[in-house]
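Heads up: the structure comes next, in structure tokens.
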Amino acid sequence: MVFAIKEINNSTELLPGIKLGYQIHDSCAAVPVAVHVAFQLLNTLDPVFVTGDNCSQSGMVMAVVGESGSTPSISISCVIGSFDIPRVNIFNFYQSA
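Under UniProt numbering, the residues of the sequence shown are numbered 1 to 97, in order.
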């Protein structure tokens, strides 16, 4: 994910004039940690961008890339769902056989 964001930010053709930021949190597959992080994102606590660039604004959360496990993902969805923040789960990219 970090590589993709850096590629987009460094490209003059992809999203010109727009810089993407990101925050990476590890819930350790624990529901309480996942919910805590979701509330932090909603409350704009810990507004640190890990881009190496000097961001003058913390910005709004535009989307969340979800957990690899379903239980923490469902918990995150319950917290952020009321705020119309899209969430993409890693399972959305797997095809069942």
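C-beta atoms are modelled at their ideal positions from N, C-alpha and C, and glycine is treated no differently.
Between the CA atoms of residue j and residue i - distance to the nearest angstrom
i	j	result
G17	A34	32 Å
I85	V31	19 Å
V64	R87	5 Å
V79	I5	25 Å
L14	S82	31 Å
D26	K19	23 Å
N89	T12	29 Å
residue 98	S73	With the chain covering 1 to 97 only, the question about residue 98 has no answer from this structure.
residue 135	T71	Look at the range of the chain in this structure, 1 to 97, and you will see that residue 135 is not part of it.
C28	V37	11 Å
I8	S77	27 Å
M62	N10	20 Å
Selected residue, minimal CA-CA separation from residue i, among the options
i	options	result
L41	Q23, S70 and S27	Q23
Residue burial classification, residue i (beta-carbon count within 10 angstroms, cutoff 16)
i	result
S75	buried
E67	buried
V2	exposed
Closer than 7 Å: residue i CB and nearest the ligand MN heavy atom
i	result
I76	No copy of the ligand MN occurs in the structure displayed, which carries no ligand at all.
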